[in-house]
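Here full-length UniProt numbering is used: position 86 in the sequence shown is 86, and no number is missing along the way.
From the three backbone atoms N, C-alpha and C, an ideal C-beta is built for every residue, glycine too.
Model, not experiment: these values are computed from the prediction.
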Amino acid sequence: MYRKDLDHYLKQRLPKAVFLYGEFDFFIHYYIQTISALFKGSNPDTETSLFYASDYEKNQITTLLEQDSLFGGSSLIILKLDFALHKKFKENDINLFLKALERPSHNRLIIGLYNSKSDTTKYKYTSDIIVKFFQKSPLKDEAICARFFTPKTWESLKFLQERANFLHLDISSHLLNALFETNNEDLGVSFNDLDKLAVLNTPITLEDIQELSSNAGDMDLQKLILGLFLKKSVLDIYDYLLKEGKKDADILRGLERYFYQLFLFFAHIKTTGLVDAKEVLGYAPPKEIAENYAKNALRLKEAGYKRVFEIFRLWHLQSMQGQKELGFLYLTQIQKIINP
């Protein structure tokens, strides 16, 4: 089934086993969270066990699915499997898990198979095998599969509008579109930003979005960015941010946004020979900020930007696998690219 079918199904009933896959990782992550919440809502005593490909253990997972919960409730097993680590698990294991669910119990299984951009053929092969196991399972329509595609812009905006309505967020469609564009049409980042805007509990303005999307509003993150370009001890700054309660994912998101804006300046300057911050950002920041953007943008060449964005991709991927404080691993690498 597709996303629309999954939404309809979940309004009617809850499955025993779910397989989520496809080319759009955000929806895989979102529906893991959504379905987990529905399971826990229907049975508050649900005990959740989460496994990544890196700590995958077939026998332990099978045992959890076969046994009753310690307190008479139910067990929810969530498998977040990164296809890049697909050698850690076997497709036939999924068949064993489904068989374990055939006995009467309230236990549930959610499998998310995150996409492989580097090997789509093998990803399709693996996902097709798992889908067939689900289709042949005696669980029948209690074992479902949902495939996700990259949404069109209007679909993403519709999804964001639904989220805004859920949060009772007073934001116009025009500003919602501005938020989406500011985030480089990244649905995951825009989705999380709506939660931050909801805290304001007031009608959202363009200034709110600009403040949220601009690193100028985050002085601590600015210190980290400054440290990267001035060859200061970025690991000390990063450690300070973590101790102050800043989340690793938020630090990564801020860096991604800043370097994406830098790349836009770089491309615009190379193409036109001009520094036009309003054309690049969609609004006019103070002159000093615009000049700093332009100066830093030219510190890297196109190959340097590619390397930085690849580091961000790995950082994000490993973060989703449960690894923490990855800045200690990657920040010095970024600093060396800026200051070769």
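Taking buried to mean at least 16 other C-beta atoms within 10 Å of its own C-beta, is residue 256 buried or exposed? Residue mapping note: residue 256 aligns to position 256 of the sequence shown, counting from 1. Buried.
Which partner residues of residue 147 appear in the DSSP bridge assignment? Position 147 of the sequence shown, counting from 1, holds the residue named residue 147. Paired residues: 21.
Close-in-space but distant-in-sequence residues of the same chain around residue 66 (CB under 6 Å, 5 per side omitted): Reading the sequence shown from its first residue, position 66 is the one you call residue 66. Here the set comprises 100.
Please go through the same chain and pick out, in chain order, the residues whose beta-carbon is closer than 7 Å to the beta-carbon of residue 202, but skip the five residues on each side of it. The count along the sequence shown starts at 1 and reaches residue 202 at position 202. No residues qualify anywhere along the chain.
Using the C-alpha atoms, what's the distance from residue 228 back to residue 235? For the purposes of this step, residue 235 is taken as the residue at position 235 of the sequence shown. For the purposes of this step, residue 228 is taken as the residue at position 228 of the sequence shown. Their Cα atoms are separated by approximately 10 Å.
Answer yes or no: do residue 25 and residue 114 have a C-beta to C-beta separation smaller than 7 Å? Residue numbering aside, residue 25 sits at position 25 when the sequence shown is read from its first letter. Residue numbering aside, residue 114 sits at position 114 when the sequence shown is read from its first letter. Going by C-beta atoms, residue 25 is nearer than 7 Å to residue 114.
Would you say residue 90 and residue 52 are within 7 Å of each other, going by their C-beta atoms? By one-based count along the sequence shown, residue 90 stands at place 90. By one-based count along the sequence shown, residue 52 stands at place 52. Contact: no.
Which residues bound the beta strand (DSSP E) around residue 291? As a first step, residue 291 must be located in the sequence shown, where it is residue number 291. Taken as a continuous stretch (DSSP letters only), residue 291 belongs to no beta strand (DSSP E), being part of the alpha helix (DSSP H) at 287–297.
Might you give, ordered along the chain, the residues of its own chain that have their beta carbon closer than 6 Å to the beta carbon of residue 112, omitting 5 neighbours on each side? Residue 112 sits at position 112 when you count from the first residue of the sequence shown. Within the same chain, residue 112 has close Cβ partners 20, 28, 32, 80.
Using a Cβ-Cβ cut-off of 8 Å (strictly less than) and excluding sequence neighbours within five positions of residue 34, which residues of its own chain qualify? By 1-based counting over the sequence shown, the position of residue 34 is 34. Apart from the 5 residues on each side of it in sequence, residue 34 sits with its Cβ closer than 8 Å to the Cβ of 10 in its chain, given in chain order.
Residue 264 versus residue 294 - alpha carbon distance: Stepping through the sequence shown from its first residue, residue 264 is reached at position 264. Stepping through the sequence shown from its first residue, residue 294 is reached at position 294. Answer to the nearest angstrom: the Cα atoms are 10 Å apart.
Roughly how many angstroms separate the alpha carbons of residue 16 and residue 200, rounded to a whole number? On the sequence shown, position 16 is the one that residue 16 refers to. On the sequence shown, position 200 is the one that residue 200 refers to. Between residue 16 and residue 200, the C-alpha separation is close to 39 Å.
Nearest to residue 48 by alpha carbon, out of 262, 13, 76, 137? Residue 48 sits at position 48 when you count from the first residue of the sequence shown. By alpha-carbon distance to residue 48, the top candidate from 262, 13, 76, 137 is 76.
Is it buried or exposed, residue 126, if we count other Cβ atoms within 10 angstroms and call 16 or more buried? Here the question's residue 126 lines up with position 126 in the sequence shown. Residue 126 sits buried, since 16 or more C-beta atoms from the chains shown fall within 10 Å of its C-beta.
So, is residue 149 buried or exposed, given that buried needs 16 or more other C-beta atoms within 10 angstroms? In the sequence shown, counting from the first residue as 1, residue 149 sits at position 149. Under this definition residue 149 is an exposed residue.
For the beta strand (DSSP E) that residue 48 lies in, which residues bound it at each end? Residue numbering aside, residue 48 sits at position 48 when the sequence shown is read from its first letter. First-last of the beta strand (DSSP E) with residue 48: 47–52.
Quick one: what's got a C-beta closer than 7 Å to residue 163's C-beta in the same chain, skipping five residues either side? Locating residue 163 in the sequence shown gives position 163, where the first residue counts as 1. Only 191, 194 meet the Cβ criterion.
Per DSSP, residue 80 forms a beta bridge with which residues? The sequence position of residue 80 within the sequence shown is 80, counting from 1. In the DSSP output, where bridge partners are listed per residue, residue 80 has 52, 112.
Bridge partners for residue 75 per DSSP, in chain order? Within the sequence shown, residue 75 is the residue found at index 75, counting from 1. Per DSSP, 47.
Under DSSP, the alpha helix (DSSP H) around residue 11 begins and ends at which residues? Here residue 11 refers to the residue found at position 11 of the sequence shown. Under the DSSP assignment, residue 11 falls in the alpha helix (DSSP H) whose first and last residues are 3–12.
Residue 40 versus 251, 55, 107, residue with shortest Cα-Cα distance: Taking the first residue of the sequence shown as 1, we reach residue 40 at position 40. The shortest C-alpha separation from residue 40 is found at 107.
Can you give the beta carbon distance from residue 258 to residue 331, rounded, assuming they're within the 8 Å contact cut? Walking along the sequence shown from the start, residue 258 turns up at place 258. Walking along the sequence shown from the start, residue 331 turns up at place 331. Not a contact, Cβ separation roughly 13 Å.
For residue 27, name the three-state secondary structure that DSSP assigns. Along the sequence shown, one-based indexing puts residue 27 at 27. In the three-state reduction of the DSSP assignment, residue 27 falls in the helix class, which pools H, G and I.
Would you be able to state if there are at least three C-beta pairs under 8 Å between the stretch 272–283 and the stretch 306–325? Too few Cβ pairs lie closer than 8 Å, so no.
Segments of 4+ residues assigned as alpha helix (DSSP H) that fall wholly inside the stretch 239–282: The qualifying runs are 248–272, 277–281.
Within a Cβ cutoff of 8 Å, which residues of the same chain sit near residue 170, ignoring the five residues on either side of it in sequence? One-based indexing of the sequence shown puts residue 170 at position 170. The residues are 202, 203, 204.
C-alpha gap between residue 324 and residue 318, whole angstroms: Your numbering for residue 324 matches position 324 in the sequence shown. Your numbering for residue 318 matches position 318 in the sequence shown. Rounded to the nearest whole angstrom, the CA to CA distance from residue 324 to residue 318 is 8 Å.
Distance, residue 82 Cα to residue 140 Cα: Numbered from 1 along the sequence shown, position 140 holds the residue referred to as residue 140. Numbered from 1 along the sequence shown, position 82 holds the residue referred to as residue 82. For the pair residue 140 and residue 82, the Cα-to-Cα distance works out to about 26 Å.
Just to confirm, is the Cβ distance from residue 102 to residue 138 under 7 Å? As a working mapping, residue 102 is identified with position 102 in the sequence shown. As a working mapping, residue 138 is identified with position 138 in the sequence shown. Yes, Cβ-Cβ distance for residue 102 and residue 138 is below 7 Å.
Beta strand (DSSP E) segments (min. 3 residues) lying fully within the stretch 291–337: Entirely contained in the stretch 291–337, not one beta strand (DSSP E) run reaches 3 residues.
Member of 133, 119, 59, 176 whose CA lies at the smallest distance from the CA of residue 23: The count along the sequence shown starts at 1 and reaches residue 23 at position 23. Residue 119 is the option with its Cα nearest to residue 23.
For chain C, is any of its Cβ atoms less than 7 Å away from the one on residue 319? No chain C appears in the structure shown, which is made up of a single protein chain.
Ignore the nearest five residues each way along the sequence and tell me which others in residue 335's own chain have a CB closer than 7 Å to its CB. In the sequence shown, counting from the first residue as 1, residue 335 sits at position 335. Taken in chain order, the residues that qualify are 228, 231, 234.
Taking its Cβ as the centre, do 16 or more other Cβ atoms sit within 10 Å of residue 327, making it buried, or is it exposed? Position 327 of the sequence shown holds residue 327. Residue 327 comes out buried.
Helix, strand or coil at residue 89 according to DSSP, with G and I counted as helix: On the sequence shown, position 89 is the one that residue 89 refers to. Secondary structure of residue 89 (DSSP, three-state): coil.
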